[in-house]
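Keeping their order, the protein sequence lines are chains A and B. Be aware that the first sequence starts at 3, since it is given in the working numbering, and climbs by one per residue. Be aware that the second sequence starts at 3, since it is given in the working numbering, and climbs by one per residue. Just below is one structure, and these are the notes that go with it.
Protein chains: 2
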Amino acid sequence: MARASGDDRQREPLSRQEIVRSALALADSEGLDAVTVRRIAAEHGVTHMALYWHFRGKEQLLDGIAEYLFAQIEIPPAAGESWDRRLLFALSAMLAVLRPHPAAAQLTQGRVLSSDAGLRLTEQFLGILREAGFSGEQSAVIATQLFMSVIAFVTGHPGPSRLDDPEGYEAAARTRTALLGALDQARFPNVTAAAAPLARCTEDASYYDSGLELLAGGVRAMAARLPQP
Amino acid sequence: MARASGDDRQREPLSRQEIVRSALALADSEGLDAVTVRRIAAEHGVTHMALYWHFRGKEQLLDGIAEYLFAQIEIPPAAGESWDRRLLFALSAMLAVLRPHPAAAQLTQGRVLSSDAGLRLTEQFLGILREAGFSGEQSAVIATQLFMSVIAFVTGHPGPSRLDDPEGYEAAARTRTALLGALDQARFPNVTAAAAPLARCTEDASYYDSGLELLAGGVRAMAARLPQP
DNA sequence: ACCTGAACACCGTTCAAGT
DNA sequence: ACCTGAACACCGTTCAAGT
């Protein structure tokens, strides 16, 4: 990934895209703390001030990562489908994009309304919710809460990613399981009994299936209580 | 809040509690970035290395903040109540504690299972969910997702807190509303129509009421699909 | 037991300057 | 247009030392 500074004396100019992509790769492999102006610059064989020509500051660089993630979310067109199936598709599309980037997903949390792709996503969710019969205000509230929840499902995934570092992931999961299992059974009967699922429940697809069911079921329940038009 | 270094020549020794409390106050008033070993130390009229006697490092200090927050969550005893009402009480209790600390709440996200008070909370949620008929595995998954969602509802609250800085809050909300309202109405019909609720929906209690309804409704829907015992 | 002083490696940002 | 060099203020951490 790193571009040695010696092997290409005539480097082509950086682009915002390249910078954002290497920042995202850094977040994926070493976490958000590793996303540093200086380290990103080093990846490109450039001094760290070079990035300030492309971004006004680090905050704008992080905005760029969030925008990049939002832009990848493609909600499949499903014109003939019911609103609740379309909602499920939309939530799945978000999860599919964010899951590989548990560290960087954090950056999307406060940036939905300040990125173009985030606004496009919001627009689509509002459309689905309006179709379900919710008012503009209700749709705004529910869309925000769905975004926050989906993002949190992904960022809540602790430690190293299973995809990037499977053996590191395994070791961390085993350690957590052992710690939970060793707790006082009198004080924590349910925790000790469910030590393994608690420690590793975010690892497999069923975790996200359950999350989608929780959210979609909640929205359906709220829709069912709406006054009939 | 700051303790001048001159006014008490015989300072009583620091305690972890005091350090954690001033760190939390700093997060509340200026955000997580302001929570700095050096600034906390200055609040107490002490050099920054003094904190290293009380904490092994900054990470442990942040653990302390999370622990402190979890410890304040008191789920009311409600022995005779149905499981879904007790679930609602438990979620409300979490929200009540976390809402005043939108910045610091972020710290609780990955620390539920590594803090004593977080484990106590987990135990109580698992108890409620087991009573609803979910298996240990299902309860672990759902409890985790409920935690993540509630925390995200609070941390998603952008900008300055309404309680700590009402006029700053108002100004930020107005700016966001104006920005959303000025978007292209052809591309963003629903966003522009709901500009105000989108920009400020996290401000009032109904936002959190809606969030609780969403989550509780989702869990009820999942419980309703369980095979009858 | 509780805190200080000096030192270190690292960070984001500014500003003038180079090509 | 695109990048460098030097400088600055700030950060977390270590380690030996003080009381």
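Each residue gets a CB set at the ideal place from its N, CA and C atoms; glycine is no exception.
Could you round the C-beta distance between B:Leu34 and B:Gln108 to whole angstroms and report it? I think they count as a contact, below 8 Å. Sure, about 6 Å apart at Cβ, within 8 Å.
Does any CB atom of chain B fall closer than 9 Å to the CB of A:Tyr209? Yes, A:Tyr209 counts as interfacial toward chain B.
With respect to the alpha helix (DSSP H) encompassing B:Leu109, which residues constitute its N-terminal and C-terminal limits? Bounds of the alpha helix (DSSP H) holding B:Leu109 are Ala107 to Thr110.
The stretch 93-111 of chain A: positions lying closer than 7 Å to chain B by Cβ: Answer in chain order: Gln111.
Within 9 Å, strictly: CB atoms of B:His143 and B:Leu100: At residue 143 of chain B the sequence reads Val, which differs from the His that was named. No, the pair does not count as a contact, with Cβ atoms beyond the cut-off.
Using alpha carbons as the reference points, say which of A:Ala92, A:Ala81, A:Ala27 and A:Ala188 lies closest to A:Phe149. When only C-alpha atoms are compared, the closest one is A:Ala92.
What whole-angstrom Cβ distance do B:Thr124 and A:Val193 have, given they're in contact under 8 Å? Contact holds; Cβ gap of about 6 Å.
When the distance is taken between beta carbons, is A:Ala95 closer than 9 Å to A:Pro79? Going by C-beta atoms, A:Pro79 is not nearer than 9 Å to A:Ala95.
Whole-number beta carbon distance between A:Leu182 and A:Ala201, since they are thought to touch under 8 Å: The beta-carbon separation of A:Ala201 and A:Leu182, rounded to 6 Å, stays under the 8 Å limit for a contact.
Can you have a look at A:Trp55 and say buried or exposed, based on whether 16 or more other CB atoms are within 10 angstroms of its CB? So A:Trp55 counts as exposed.
Of the residues B:Pro15, B:Gly158, B:Val39 and B:Glu14, which one's Cα is nearest the Cα of B:Ala25? If you compare the alpha carbons of B:Pro15, B:Gly158, B:Val39 and B:Glu14 with that of B:Ala25, the shortest gap goes to B:Val39.
Partners in chain B for A:Phe190, counting only beta-carbon separations shorter than 7 Å: Within 7 Å Cβ-Cβ: Leu121 and Glu125.
Over what stretch of residues does the alpha helix (DSSP H) that includes B:Gly158 continue unbroken? Under the DSSP assignment, B:Gly158 falls outside any alpha helix (DSSP H); it carries neither an H nor an E label.
Pick helix, strand or coil for B:Ala6, following the three-state DSSP scheme. Its pLDDT being 39, under 50, B:Ala6 is placed unreliably by the model, and nothing is read from it.
Relative to the C-alpha of A:Arg132, which residue among A:Arg88, A:Ile21, A:Ala198 and A:Leu214 is closest? Closest by alpha carbon: A:Arg88.
Find the residues of chain B that neighbour A:Ile144, judging by a C-beta separation of less than 8 Å, and give them in chain order. Those are Ser212 and Leu216, listed as they occur along chain B.
Since B:Gly66 and B:Phe57 should fall inside the 8 Å C-beta cutoff, what is the C-beta to C-beta distance between them, to a whole number of angstroms? Taking 8 Å as the upper bound for CB-CB distance, B:Gly66 and B:Phe57 are in contact here, some 7 Å apart.
Which listed residue (B:Ala106, B:Pro231, B:Pro229 and B:Ala218) has its alpha carbon closest to that of B:Trp85: Ranking B:Ala106, B:Pro231, B:Pro229 and B:Ala218 by Cα distance to B:Trp85 puts B:Ala218 first.
Rounded C-alpha distance that separates A:Val22 from B:Phe190: Roughly 26 Å between the two C-alpha positions.
How would you call A:Ala173, buried or exposed, if buried means at least 16 neighbouring beta carbons within 10 angstroms? Counting Cβ neighbours within 10 Å, A:Ala173 comes out exposed, since fewer than 16 surround it.
Along the stretch 195-206 of chain A, where does the CB come closer than 8 Å to a CB of chain B? Name the residues. Hits within the stretch, in order: Ala195, Ala196, Pro199, Leu200, Ala201, Cys203 and Thr204.
B:Leu16 versus B:His50 - alpha carbon distance: Distance between the alpha carbons of B:Leu16 and B:His50: 12 Å.
So, helix, strand or coil for B:Thr177, using DSSP? In the structure shown, B:Thr177 falls within a helical segment according to DSSP collapsed to helix, strand and coil.
Among residues of its own chain, excluding the 5 on either side of B:Cys203, which ones have a beta-carbon nearer than 8 Å to its beta-carbon? Closer than 8 Å at Cβ, skipping near neighbours: Tyr209.
Are any of the Cβ atoms in chain B nearer than 9 Å to that of A:Ile67? No, because no Cβ of chain B sits closer than 9 Å to the Cβ of A:Ile67.
If the cut is a Cβ gap below 7 Å, which residues of chain A does B:Arg132 touch? Against chain A, a Cβ distance below 7 Å from B:Arg132 picks out Asn192.
Kindly indicate which three-state DSSP category A:Arg222 falls into: helix, strand or coil? Note: A:Arg222 maps to helix in three-state DSSP.
Can you check whether the C-beta of B:Ile153 is within less than 9 Å of a C-beta belonging to chain A? Put simply, the CB of B:Ile153 is near chain A, with a gap under 9 Å to one of its CB atoms.
Answer with yes or no whether the minimum CB distance from A:Thr38 to chain B is below 9 Å. False, the Cβ-Cβ gap to chain B never drops below 9 Å.
Would you say A:Arg222 reaches chain B, if we count a Cβ-Cβ gap shorter than 9 Å as a contact? Yes, A:Arg222 counts as interfacial toward chain B.
Could you give the C-beta distance for A:Ala29 and A:Phe72, rounded to a whole number, given that I count them as a contact under 8 Å? A Cβ-Cβ distance of about 15 Å is found for the pair A:Ala29 and A:Phe72, leaving them out of contact under the 8 Å criterion.
If you count every other CB in all the chains shown that lies within 10 Å of the CB of B:Leu242, and 16 or more means buried, which is it? Chain B is shown only over 3 to 231; residue 242 of chain B falls outside these bounds and no answer can be derived.
List, in order along the chain, the chain B residues whose C-beta lies closer than 9 Å to that of A:Leu115? Within 9 Å Cβ-Cβ: Pro160, Arg178, Leu181, Leu182, Val193, Leu200 and Ala201.
Listed by chain order, chain A residues near B:Glu139 by CB distance under 8 Å: Chain A residues near B:Glu139: Ala196, Pro199 and Cys203.
Beta-carbon proximity list for A:Ala197, same chain, < 7 Å, skipping 5 on both sides: Closer than 7 Å at Cβ, skipping near neighbours: Thr179, Leu182 and Gly183.
So, using beta-carbon positions, are A:Val221 and A:Ala98 closer together than 9 Å? No, the pair does not count as a contact, with Cβ atoms beyond the cut-off.
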